[in-house]
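Structure first, commentary second.
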Amino acid sequence: MKTLNFKWLAIILPLFVLITDCKKEDEEEVSKFVGDYVISKAVLTEALTVPTVEMGNVPVPVGTDITQAIQTALLSAVSCSSADKSYVELREDNSMYLSCEGLNPLNAGTWEEVSPTSLKLNLNSTAIPPNGFVLTVTDIVEDASGLTGITSVPLPKAMISGIIASFQLTLSPTAPEVFIVKISIEFMEK
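Going left to right, the sequence shown walks through residues -14 to 175 as our numbering numbers them.
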């Protein structure tokens, strides 16, 4: 009788281990990118040339801080008293929302972890009217305060025109409809 009990134990124990081990494999790992972020810094990584009526081509050098322009371009769908209160929420279900300090979240599209150092943000037309766009951030480095990476952002002619107007300059009629701006971008985790 005792041998029979040990035989059953010898059969049941491995089955139990196998079943619990399978359950562990079914649990998905949460991406390190899940969280709430603010765009804390954006700096040109490639020089930009802006054609003006008054001065011809005006060079904007590498290292120029364009944080405010990038915050406006990417977060303008959210009404917030300050850009540092506008959150980009990357959720576990790969949905992406924009909000003002987490209140009244706006469905902004989806996101995808392409690799441990690359993230794709699929911004919909609600977030970036009229058509939305895909923003791919590469060479991502994670530290205690958030994420830093490289991306290219399309800035519309109207936005560039508004920026240079503060310097009493007018955008040349030959300027492209969209300026592709290559930047280093920092997302501070909230």
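From the three backbone atoms N, C-alpha and C, an ideal C-beta is built for every residue, glycine too.
None of the values given here were measured: they were computed from a predicted structure.
Selected residue, minimal CA-CA separation from residue 30, among 45, 20, 38, 22
Residue 45 is the option with its Cα nearest to residue 30.
Could you compute how far the alpha carbon of residue 42 sits from the alpha carbon of residue 16?
Roughly 43 Å separates the two Cα atoms.
Which residues in the same chain have their Cβ closer than 7 Å to the Cβ of residue 105, if we skip the five residues on either side of it in sequence?
Answer for residue 105: 96, 97, 99, 119, 121, listed in chain order.
Select from 138, 90, 94 the residue whose C-alpha is nearest the C-alpha of residue 64.
For the options 138, 90, 94, the alpha carbon positioned closest to that of residue 64 is the one of 90.
Selected residue, minimal CA-CA separation from residue 32, among 21, 22, 39, 47
Check the Cα spacing between residue 32 and each of 21, 22, 39, 47: the tightest is with 47.
When DSSP labels each residue in this structure, what does residue 134 get in the three-state scheme?
Looking at residue 134 - three-state DSSP - the assignment turns out to be strand.
In the DSSP assignment, find the unbroken beta strand (DSSP E) run with residue 17 in it and report its ends.
Premise fails: residue 17 is in no beta strand (DSSP E) and is neither H nor E.
Do three or more CB pairs link the region 68 to 75 to the region 21 to 28 at distances below 8 Å?
The region 68 to 75 makes contact with the region 21 to 28: 3 or more CB pairs, one atom from each, lie closer than 8 Å.
Grab me the residues of residue 77's own chain with a C-beta within less than 8 Å of its C-beta, minus the 5 sequence neighbours each way, in chain order.
Hits under 8 Å: 15, 16, 19.
Along the chain, where does the beta strand (DSSP E) containing residue 175 start, and where does it finish?
From DSSP, residue 175 is part of no beta strand (DSSP E); its letter is neither H nor E.
Just how far apart, CA to CA, sit residue 162 and residue 13?
So the two alpha carbons sit approximately 43 Å from each other.
Nearest candidate by alpha-carbon position, reference residue 112, set 62, 55, 53:
By alpha-carbon distance to residue 112, the top candidate from 62, 55, 53 is 62.
Please report the straight-line C-alpha distance between residue 40 and residue 145, rounded to a whole angstrom.
The straight-line gap separating the alpha-carbon atoms of residue 40 and residue 145 is approximately 15 Å.
From residue 131 to residue 171, what does the alpha carbon distance come to, in whole angstroms?
Using only the alpha carbons, I get a separation of about 7 Å.
So the candidates are 155, 79, 82, 133; which of them puts its Cα closest to the Cα of residue 102?
In terms of Cα proximity to residue 102, the closest of 155, 79, 82, 133 is 133.
Anticipated Cβ contact below 8 Å, residue 176 with residue 156, distance rounded
Residue 176 lies beyond the residue range present for the chain, which begins at -14 and ends at 175; the question has no answer from this structure.
Distance, Cα to Cα, residue 88 vs residue 67?
If you draw a straight line from the Cα of residue 88 to the Cα of residue 67, it comes to about 14 Å.
Output the boundary residues of the alpha helix (DSSP H) element that contains residue 160.
Per DSSP, residue 160 is not a residue of any alpha helix (DSSP H), being assigned neither H nor E.
So for residue 147, helix, strand or coil by DSSP?
When secondary structure is reduced to three states using DSSP, residue 147 falls in the helix class.
Those runs of the alpha helix (DSSP H) which lie wholly inside the region 52 to 134 and span at least 4 residues:
For the region 52 to 134, whole alpha helix (DSSP H) runs of length 4 or above, ordered along the chain, are 52 to 60.
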